[in-house]
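Residues 2 to 428 in the numbering used here are what the sequence shown lists, from first letter to last.
Note that beta-carbon positions come from the ideal geometry of N, C-alpha and C, so glycine has one too.
Written out below as structure tokens is the structure these notes cover.
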Amino acid sequence: MGLTGSRRRCFWAGQSASQFGDRISELALPLIAVAALHASANEVAWLTALAWAPNLLAVVLGAWVDHRVHKRRLMVLADLARACLLLTLPTAYLLGGVTLVQLYAVALLTGAAGVLFNTAYPPFFAHLVPRSSYVDANSKLSASRSASYVAGPAIGGALVQAVTAPIAVIADALTLASAALVGPIQADEPAAVGGEQASYSLLHRAREGLAFVIRHPILRASLGCATTVNFFTFMTATGLTVLFADRVLGLSAGVIGLAFGIGSTGALLGALIAPTISRRIGLGRSIAVGAVLFPAPIAVTATASGPLWARAGALGLSQFLAGIGVMLFDVNLNSLQTAVIPDGMRSRVAGAYSTVNYGIRPIGALVGGMLATVIGLRTTLITAAVGGALSLLWLLPSPIPRIRSLAHIAPLLADDGTETASRPAPR
């Protein structure tokens, strides 16, 4: 099911390799800044901001991608561009010339390549995988991503220790040989936007993508829910949680690292059980459960007290439950969105989602930092847990909780007055 067949297995293998490489770069790039370039905290923060910044233009890039014929070629181009950009770092290091400006440029441009890949991905995936297998396929891809978070940082840390951070980046560049696995895959790609829309300006098509999301009852509710979850979970994110665990709970770095490792196993488990949960309680209810289970466990960390084992256990349990929650949310919601977005809108909708959903993350982080200064770490964590769980309010009045499976979408959309033409034909 899902990713069976040689073409889909190649795609899965390529994505899995790329995910493991990403985990190495996520560790190595900040370490280059800190260890090799002696960057300040503010300079490291800018590195993170620049990596996310291209998502703010994703709505426009998605409109451009929808106008292109060969989405697979764009995905390959994005992978190759990332590989070449990353390889400039070890090259410059060996020549004795790595600079902070170069590191910023690599972060910004690889971020842009990632946005290009992510906006070209939805239409390609929708035609590579049968509609009935969307949930299973997303489960397998998410499991690979979760596994990369379990093993990737350890592998990356060992590589950095053995060969230095700039040289370790080569491992990510090599895993982007995923381009070699995706490139030969033959799939019936959707046609580019044509007809009257072909003459529309890029900004006009971008506005159409955002307007489509706002009008669609499922997409509007899911974007509101996901954006709310991201805002509140990024209020604490990894940095503030680590700060709380260190200064308030009094945990050592090793114990904190172990707790986050436990959380990664929760995400892996969540990705594997998401299809089963979806079949038992329904696709829409699985999304609703995930929307609450992802942020709510932050409160477990916030209320931790007692002996060392209890404080450490609370942090590990919080990360584990949140990992399961985020995968129940992502696997099922990604499958639902793939099913309801028509071919001519897939990249534009993906771009609109990235602009809003990812654009809110740095704002959430800044608000979290200000709140922690004013009301304290513990209260900020509780605020994030409660606010994130309230994202469920976006889903309750929408058709989403009533959706049992992808086969039961059409009648619900008809009840809500959504145009039949906005729904893709059954595969």
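- Rounded to whole angstroms, the separation of the alpha carbons of A386 and L244 is 17 Å.
- In terms of Cβ geometry, L393 and A323 do not form a close pair [threshold 8 Å].
- Sorting P218, Y359, V60 and L86 by C-alpha distance to the C-alpha of T234 places Y359 at the top.
- Contact check for P31 and K72: beta-carbon distance about 32 Å, past the 8 Å limit, so the pair fails to qualify.
- If you check the CB distance, G210 and A64 come in under 8 Å.
- The shortest C-alpha to C-alpha distance from M328 to any of T339, A340, A297 and A275 is the one to A275.
- The segment 38 to 68 is shown to contain whole alpha helix (DSSP H) runs of 4 or more residues at 42 to 53 and 59 to 67, in chain order.
- Along the segment 117 to 174, the alpha helix (DSSP H) occurs as fully enclosed runs of 4 or more residues at 135 to 164, listed in sequence order.
- In the three-state scheme derived from DSSP, where H, G and I count as helix and E and B as strand, A305 is classed as coil.
- For G352, the enclosing alpha helix (DSSP H) covers residues R347 to Y354.
- Around the CB of V214, 16 or more other CB atoms lie within 10 Å, so the residue is classed as buried.
- Under the 8 Å Cβ criterion, the segment 116 to 132 counts as touching the segment 72 to 85, having at least three qualifying pairs.
- Of the candidates G15, G97 and V66, G97 places its Cα closest to the Cα of L38.
- Counting of Cβ neighbours within 10 angstroms places H205 among the exposed residues, the total staying below 16.
- Relative to the Cα of A300, the nearest Cα in the group G317, A289, I288 and R286 belongs to G317.
- Put simply, the segment 157 to 173 does not touch the segment 373 to 391. Fewer than three CB pairs are less than 8 Å apart.
- Contact annotation: A59 and L101 have beta-carbon atoms that are not nearer than 8 Å.
- Of all alpha-carbon atoms in S202, R83, A340 and L391, the one lying nearest the alpha-carbon of Y135 is that of A340.
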